[in-house]
Structure formats: structure tokens, C-alpha cells
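S.K.: Attaching a single structure in C-alpha cells format; questions to follow.
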Amino acid sequence: MQQLSGLDNASLFTERGNVYNHVGTLIVYDPSTAPGGGVRYKEILGHFAERLHLHPVFSNHLTSAPLGLDRPYWVAGGPIDVEYHIRHLALPAPGDWRQLMIQVARLHSRPLDRHRPLWEVYIIEGLDDIAGLPRGSFAMYLKLHHAAVDGVAAVSLLEKMHTTAPVKPAADAHLHVVAPETEPRPAELLYKTVGHNLSRLARAARLSAGGTLRLLYTGRKQLGRLNAASLEALAGVLREAGVAAAPRTRF
Numbered sequence: 093m094q095q096l097s098g099l100d101n102a103s104l105f106t107e108r109g110n111v112y113n114h115v116g117t118l119i120v121y122d123p124s125t126a127p128g129g130g131v132r133y134k135e136i137l138g139h140f141a142e143r144l145h146l147h148p149v150f151s152n153h154l155t156s157a158p159l160g161l162d163r164p165y166w167v168a169g170g171p172i173d174v175e176y177h178i179r180h181l182a183l184p185a186p187g188d189w190r191q192l193m194i195q196v197a198r199l200h201s202r203p204l205d206r207h208r209p210l211w212e213v214y215i216i217e218g219l220d221d222i223a224g225l226p227r228g229s230f231a232m233y234l235k236l237h238h239a240a241v242d243g244v245a246a247v248s249l250l251e252k253m254h255t256t257a258p259v260k261p262a263a264d265a266h267l268h269v270v271a272p273e274t275e276p277r278p279a280e281l282l283y284k285t286v287g288h289n290l291s292r293l294a295r296a297a298r299l300s301a302g303g304t305l306r307l308l309y310t311g312r313k314q315l316g317r318l319n320a321a322s323l324e325a326l327a328g329v330l331r332e333a334g335v336a337a338a339p340r341t342r343f
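Residue numbers (the numbering used here): 93 to 343.
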């Protein structure tokens with residue numbers, strides 16, 4: 093179980109209305125060179141299922157702190173409903189670029205379900221009237237939450253999900269099983285939340301005390317400089333006015 097960083101938590105906290113902080117990528121494929129001249133949705137499901145262990149984003153899900161008083165946690169592992177996360181649809185005829193963009197915009201406008209791992213894949217068929225693409229091409233739209241991946245991690249994920257080899261390399265069988273973490277009990281989360289908040293209060297008090305002392309020291313130093321400058325200026329004014337210095341006395 094790993095707690096989200098402040099920046100990752102902000103990408104969740106700042107979501108409002110129709111403003112969401114997920115990112116997406118659209119990849120278009122020409123299946124004509126695949127065995128049999130095409131790729132079936134079932135084969136894509138199998139390809140993903142063999143590689144879900146390659147990146148934690150596919151299995152990590154969120155667990156919130158009690159009453160939202162602390163940043164949430166990623167809990168690793170657990171069952172993944174592949175057919176929920178990888179969906180299949182087709183464009184109506186003629187299947188042109190404009191229709192594809194409208195469909196992707198609709199998909200991107202929907203929020204990700206925070207009760208599941210924060211990713212979705214849409215296999216979009218029917219790209220039959222797009223210049224430069226053969227009929228029968230399909231697209232993959234991948235949607236990920238920015239709390240789960242940054243740009244570098246997203247590129248790494250895409251690299252792991254693809255291969256340039258003409259024959260798909262066999263996956264390591266022992267890597268298929270991701271040991272799920274035990275879902276934390278409410279009492280455990282409450283204990284962590286109280287501890288984290290007490291630590292933050294103590295750290296804030298130390299910073300506040302240190303800042304106050306530095307402010308007092310700087311203020312005293314600046315007042316001393318201001319006093320010396322004022323006395324020097326007053327002495328200059330008196331000299332210009334011809335005011336004689338006071339005679340020396342014993343006291």
C-alpha cells in the first residue's frame with residue numbers, strides 16, 4: 093500500500109464538474125499484416141490479459157482515508173475485470189476521421205470510476221473512410237488518470253504493451269500472478285491518518301517558530317541599521333545649518 097504524493101492527490105482533488113485530470117492517447121492500427129489479415133477483439137483481450145502484470149497502473153486501485161482527512165492510498169493487486177476496462181465499439185458508416193474524433197471526444201469527456209483501477213481502453217472499429225488507412229483499420233483509445241501515471245510512465249506503459257516482433261513473444265508464466273495486497277482495515281487507516289496529521293502539525297509548528305525567530309532577528313537588525321542611518325542624516329543636517337557641536341563636559 094502506497095500513499096499518493098501531494099501532487100498526485102491534487103490531480104484528484106481538483107476535479108470539478110466536467111473538468112477531469114485524466115490523459116488519453118489514440119493509436120491507429122493496420123491489421124492487414126496480421127495472421128489471417130485481421131485482429132479480433134478476443135485476441136486483443138488476451139494480449140492485454142497476458143501483460144497486465146507489466147505495470148502497476150492496471151491493478152492499483154484507490155482507498156480513501158477516513159473522512160478524507162489524509163491523502164488516499166494505492167492498493168496493489170486484486171481481480172481485474174478485463175472486459176470492463178477494455179471495451180469494443182464501431183463507427184457507423186462511412187467511418188471517417190470526423191466521426192472518429194467525435195467518438196474519442198465523447199469518451200474522453202467521461203470520468204474514470206474511482207472504485208476501479210484508473211484506466212480504460214476502447215477498441216474502435218469501422219475506420220473505413222480515412223485517407224491513408226486501408227479499410228478494416230481500427231483504433232485504440234487509452235485513457236489513464238494523471239494520478240496514476242505521468243508522461244514518462246505512460247510512454248513506458250505503451251512500449252510494454254507493444255512489440256515490433258512479427259511473432260508475439262511468449263510471456264513469462266510466473267509473472268501472470270500479481271500478489272494482491274490486503275485491503276486495509278478502517279482502524280488501520282484511521283491510525284495512519286491520525287499519525288500523519290500529528291506529524292504535519294508538529295512540522296508546521298517547528299517551521300512557524302523558526303520563521304518567527306528569523307523574522308524577529310531580521311527586524312531587529314534592520315531597525316538598528318535604520319537608526320544609525322537616521323542619526324547620520326540628522327548630524328549632516330545640523331552641520332549644514334551651522335549648529336555647533338555641544339561643548340565637552342565631564343558628564
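Built from N, CA and C at the ideal position, the CB exists for glycine as well.
Computed from a prediction, not measured in an experiment: that's the story for all the values here.
On the premise that D221 lies in contact with D188, defined as a C-beta separation below 8 Å, what is that separation, rounded to the nearest angstrom?
M.R.: Translated into the one-based positions of the sequence shown, residue 188 becomes position 96. Translated into the one-based positions of the sequence shown, residue 221 becomes position 129. Your pair D188 and D221 checks out as a contact, with CB atoms roughly 4 Å apart and the cut at 8 Å.
S.K.: From which residue to which residue does the beta strand (DSSP E) around M232 run?
M.R.: Residue mapping note: residue 232 aligns to position 140 of the sequence shown, counting from 1. Looking at the DSSP string, the run of the beta strand (DSSP E) that includes M232 is 229-237.
S.K.: Alpha carbon to alpha carbon, how far is H153 from L144? Give it in angstroms, no decimals.
M.R.: Mapped onto the sequence shown, residue 144 falls at position 52. Mapped onto the sequence shown, residue 153 falls at position 61. So the alpha carbons of these two residues sit roughly 14 Å apart.
S.K.: Cβ of S209 within 8 Å of Cβ of V120?
M.R.: Mapped onto the sequence shown, residue 209 falls at position 117. Mapped onto the sequence shown, residue 120 falls at position 28. Ser is not the amino acid found at residue 209; the sequence shown has Pro there. No, the Cβ-Cβ distance between P209 and V120 is not below 8 Å.
S.K.: Could you name the residues of the same chain whose beta carbon sits closer than 7 Å to that of L282, not counting the 5 residues immediately before and after it, in chain order?
M.R.: What you label residue 282 is simply residue 190 of the sequence shown in a count that begins at 1. These residues qualify, in order along the chain: P158.
S.K.: Does DSSP put Y214 in a helix, a strand or coil?
M.R.: Mapped onto the sequence shown, residue 214 falls at position 122. In this structure, Y214 counts as strand in the three-state DSSP scheme.
S.K.: Kindly indicate which residue of S103, R132, N113 has the alpha-carbon position closest to the one of G228.
M.R.: Taking the first residue of the sequence shown as 1, we reach residue 228 at position 136. With distances taken between Cα atoms, G228 lies closest to R132.
S.K.: When DSSP builds the beta bridges, which residues end up paired with T285?
M.R.: Working through the sequence shown from its first residue, we reach residue 285 at position 193. According to DSSP, which records beta bridges pairwise, T285 is partnered with nothing at all.
S.K.: So for I194, helix, strand or coil by DSSP?
M.R.: Stepping through the sequence shown from its first residue, residue 194 is reached at position 102. Under the three-state reduction of DSSP, I194 is assigned to helix.
S.K.: Where does T304 fall in DSSP's three states?
M.R.: As a first step, residue 304 must be located in the sequence shown, where it is residue number 212. T304: helix per DSSP, three-state reduction.
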